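Here the sequence shown stands for residues 1 to 348, numbered as in the UniProt record's numbering.
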Amino acid sequence: MNPYILTTLLFSLGLGTTLTFASSHWLLAWMGLEINTLAIIPLMAKHNHPRAIEATTKYFLIQATAAAMLLFASLTNAWLTGQWDIQLMCHPLPTTLASLALALKIGLAPLHTWLPEVLQGLDLPTGLILSTWQKLAPLTLLLQLQPLNSSLLIVLGLTSTLLGGWGGLNQTQLRKILAYSSTAHLGWMVLVLQFAPSLTFMTLIIYLAMTLSTFLTFNLNHSTTVNTLATSWAKTPVLSSLTPLILLSLGGLPPLTGFMPKWLILQELTKQDLAPAATLAALSALLSLYFYLRLSYSMTLTMSPNTLAGTLPWRLPPSHHSLPLAILMMISLTLLPLTPSLMALFTL
């Protein structure tokens, strides 16, 4: 792709998200979401492969449906209350419609079935944008809607954690596993959204760091299936020994960073007298942990069959920049002792 076109599209992505962040009017927020969608579609279809075109078409149809639902919800709210302000949406019907539209946009269960199929048709850098940046604007709107639909958010959160863990169990494609992982993590964020928005924000930042490091590692090794992970040991031994720790951090094992948000969310749910929801969420985390362990096993304890036993692979000078990956790995693995400082920072 032409670098000038790529720069324009990336700037448009940033503009759409920033416009949604800054807007208090439903039409401006809707315009920001539409700019975001239209900017990522050429990035998704740039390889001109049938799978990429299919994924782009599915994504466009899903996002157009969600945008139409959101516009209908805001029009209904204006008709019922005479208000276009996002934070003044006070009628239950438009609030529920808007929440479901935003859940469809970010891939919350049970409206998540498009996400694995779309992510499977994309390359890893574009999939990374879809799994991280594209979640920010709808989550911001969902945060402003949350006072009226508490039970709906709890149901969406629990369903996402369960189906996100369950769906990834039988997968062999890394991009589908990461899509189900995204659904499960979004479920954790939505569960605590109405009780502690600052905790949701902290969970989102940690999720972004862990997902960025995972996608960058798989992209560096050119890994797209579980079987190809076994060949990464010969290419990058140090990276292959650290990657299972990132995967276990995504699963939420102590003493890694990913344990912190799950621990704090379960604590907050217990404080709100939602012990059954906390128990179900904790049990669903075990489902996700299973497929992270499976990926770790494939990467470190499985050797790829090699017919030329006496030859070593060429170790060419690296052409990539490893500093961002190193920083993200440190964040993904070592932030647990800083939990009190992070909580103080995010509750300011």
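Note that beta-carbon positions come from the ideal geometry of N, C-alpha and C, so glycine has one too. For clarity, every value in this text was computed on a predicted model and none was experimentally measured.
How many Å lie between residue i and residue j at the Cα?
| i | j | result |
| --- | --- | --- |
| Leu294 | Asn2 | The sequence shown places Arg at residue 294, not Leu. One C-alpha to the other measures close to 39 angstroms. |
| Leu308 | Ala326 | Here Leu308 scores only 46 on pLDDT, less than 50, and its place in the model should not be relied on; the value that follows carries that caveat. In a straight line, the C-alpha of Leu308 is about 32 angstroms away from that of Ala326. |
| Ala109 | Thr334 | 30 angstroms |
| Leu142 | Thr300 | 39 angstroms |
| residue 349 | Phe21 | Residue 349 lies beyond the stretch modelled for the chain, which goes from 1 to 348, so this question has no answer here. |
| Ser24 | Asn170 | 43 angstroms |
| Gln63 | Asp273 | 36 angstroms |
| His222 | Leu122 | 13 angstroms |
| Thr56 | Ile41 | 6 angstroms |
| Ser341 | Ile205 | 15 angstroms |
| Gly310 | Leu242 | Residue confidence is low: Gly310 scores 47 on pLDDT, short of 50, so the model does not pin down where it sits. No coordinate-derived value is stated. |
| Phe291 | Leu10 | 33 angstroms |
| Gly252 | Arg175 | 20 angstroms |
Considering only residues of the same chain and omitting the five flanking positions on each side of residue i, which have a CB-CB separation below 6 angstroms?
| i | result |
| --- | --- |
| Phe215 | Leu124, Leu128 |
| Ala179 | Leu115, Pro116, Leu119 |
| Lys46 | Met1 |
| Trp233 | Ser240 |
| Ser74 | Trp26 |
| His112 | Thr183 |
Excluding the 5 residues flanking residue i on each side, which residues of the same chain have their C-beta closer than 7 angstroms to its C-beta?
| i | result |
| --- | --- |
| residue 376 | The chain is shown only over 1 to 348; residue 376 falls outside these bounds and no answer can be derived. |
| Thr302 | Ala230 |
| Ala126 | Checking the displayed sequence, the identity of residue 126 turns out to be Thr instead of Ala. Excluding positions up to five away in sequence, the list reads Leu43, Met44. |
| Ile35 | Ser12, Leu15, Gly16, Leu19 |
| Phe346 | Ser198, Phe201, Met202 |
Nearest to residue i by alpha carbon, out of the options?
| i | options | result |
| --- | --- | --- |
| Thr37 | Pro254, Leu61, Pro276, Met329 | Leu61 |
| Gly168 | Gly157, Ala184, Leu153 | Ala184 |
| Asn227 | Leu102, Tyr207, Thr172 | Thr172 |
| Leu28 | Leu70, Gln272, Leu336, Glu54 | Leu70 |
| Ser284 | Trp166, Trp30, Ala52, Leu75 | Trp166 |
| Gly32 | Trp79, Thr203, Ser12, Ala234 | Ser12 |
| Ala209 | Ser232, Leu191, Leu247, Ser23 | Leu247 |
| Ser249 | Leu191, Ile331, Met189, Val190 | Ile331 |
| Ala344 | Met202, Thr211, Leu156, Leu212 | Met202 |
| Leu153 | Phe291, Ala55, Ser24, Leu269 | Leu269 |
| Pro244 | Thr211, Leu328, Leu323, Tyr297 | Tyr297 |
| Leu191 | Gly157, Thr161, Thr7, Tyr207 | Gly157 |
Where do the N-terminal and C-terminal ends of the alpha helix (DSSP H) with residue i fall, by residue?
| i | result |
| --- | --- |
| Phe72 | 50–81 |
| Leu189 | The residue you asked about is not Leu; residue 189 is Met in the sequence shown. Per DSSP, Met189 belongs to the alpha helix (DSSP H) from 174–191. |
| Met330 | 323–334 |
| Met44 | 26–44 |
| Pro3 | 3–22 |
| Phe195 | Phe195 -> no alpha helix (DSSP H), and no H or E assigned at all. |
| Gly127 | 124–131 |
| Ala282 | 275–300 |
| Ala98 | 92–106 |
| Ser223 | Taken as a continuous stretch (DSSP letters only), Ser223 belongs to no alpha helix (DSSP H), as it is neither H nor E. |
| Pro337 | No alpha helix (DSSP H) holds Pro337; DSSP gives it neither H nor E. |
| Gly164 | 150–167 |
Residues in its own chain within less than 8 angstroms of residue i by CB, not counting five upstream and five downstream?
| i | result |
| --- | --- |
| Leu336 | Pro254, Pro255, Leu256, Thr257, Phe259, Met260 |
| Leu145 | Ile86, Met89, Thr95, Ala98, Ser99, Leu102 |
Residue i CB to nearest chain B CB: under 8 angstroms?
| i | result |
| --- | --- |
| Gly165 | No chain B is part of this structure, which consists of one protein chain only. |
Three-pair Cβ contact test at 8 angstroms for the segment 193–209 versus the segment 261–273: yes
Does the count of Cβ pairs from the segment 268–278 and the segment 231–238 closer than 8 angstroms reach three? no
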